[in-house]
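For the record, in the sequence shown the residue sitting at position 32 is 409 according to this note's numbering, with numbers rising by one throughout.
Some notes on the structure that comes next.
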Amino acid sequence: MNKTKSYAISKKVVYEAFLRVKANKGSAGIDEESIEEFELNLKDNLYKLWNRMSSGSYFPPAVKAVDIPKKAGGASTVL
């Protein structure tokens, strides 16, 4: 059984986290939704995240592994 934990988190903190992801040029995750697509319904999307986190019903989706090329050749896989 999965247990959830509610978080005392403000809507402002959720918005600031989004801004950091956007500034870092965050890429689409496993759901393939881009930052631009997320922004089309930003207010509702951020509200849903905040509501789920604050109520303890948020389950993050699986992460997507990404290969980062290295100058010397090869790549490093990060999650």
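For every residue, glycine included, the Cβ atom is placed at its ideal position computed from N, Cα and C.
In the structure shown, ILE386 falls within a coil segment according to DSSP collapsed to helix, strand and coil. Where SER431 is concerned, there is no enclosing beta strand (DSSP E), although the alpha helix (DSSP H) around it starts and stops at 419-432.
Inter-residue distance for TRP427 and PRO437 is about 12 Å (C-alpha atoms, whole angstroms). Collapsing the DSSP output to three states places ALA394 in a helix. The residue from ALA449, SER431 and LYS402 with its alpha-carbon nearest to that of LYS389 is SER431.
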